[in-house]
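Using this note's numbering, the letters of the sequence shown correspond one by one to residues 50 to 174. Cβ atoms here follow ideal geometry from the backbone N, Cα and C, with glycine treated the same way. Computed from a predicted model, the values in this text were never measured in an experiment. Heads up: the structure comes next, in structure tokens.
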Amino acid sequence: MHAPLYVLWLIGQIFVATGVLIKDMLHGYKSMEPCVVYYPLRVTKEWQITALAASITITPGTMSIGLREDGTLLVHAVYGHNPADVLADIATMEEHLAPSVKDIPHKVANVRIEHPAHLAIRKEQ
């Protein structure tokens, strides 16, 4: 029974993200500030990792770009001006996919976050 609820929730997230992307497109892409976050996974089963990575990738504005051996998922987010929000959104998705991870302590305080070099230069000017 859980899988259909997750799919419905994910479809809703896709619509929300599409709306954000369309709104930004109509305003000249002014809100885009990409980043890459190194998300420490709480799910451990291969099918869960695959499902989470696929869910992230099909959601407009985000893409799973790698998986480290230590269980870290690399995620590119187009709207990464607040990486804490990106991490929280991924955590929420992970919890909807596998509700049992809500009880697992999550260490996102010191995660690695990267911004494209041209953004760092632009912010300094």
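Query	Result
So, helix, strand or coil for residue 80, using DSSP?	coil
Can you tell me whether residue 100 is helix, strand or coil according to DSSP?	helix
Do you know how far the Cα of residue 76 is from the Cα of residue 136?	25 Å
May I have the straight-line CA-CA distance separating residue 93 from residue 120, to the nearest angstrom?	8 Å
Let's see if you can read the secondary structure: which residues bound the beta strand (DSSP E) around residue 51?	Careful: residue 51 lies outside any beta strand (DSSP E), inside the alpha helix (DSSP H) at 51-75.
Starting from residue 150, trace the beta strand (DSSP E) both ways and give me its first and last residue.	First-last for residue 150: undefined, no H or E at that position.
When you compare only the Cα positions, how much space is there between residue 134 and residue 51?	25 Å
Between 80, 105, 84, 160, which lies nearest to residue 60 when the distance is taken from Cα to Cα?	105
Bridge partners of residue 125, per DSSP?	85, 112
Would you report the Cα separation of residue 139 and residue 158, rounded to the nearest angstrom?	14 Å
Taking C-alpha atoms, which residue in 130, 143, 67 lies nearest to residue 81?	130
Give the straight-line distance between the Cα atoms of residue 122 and residue 132, rounded to the nearest whole angstrom.	14 Å
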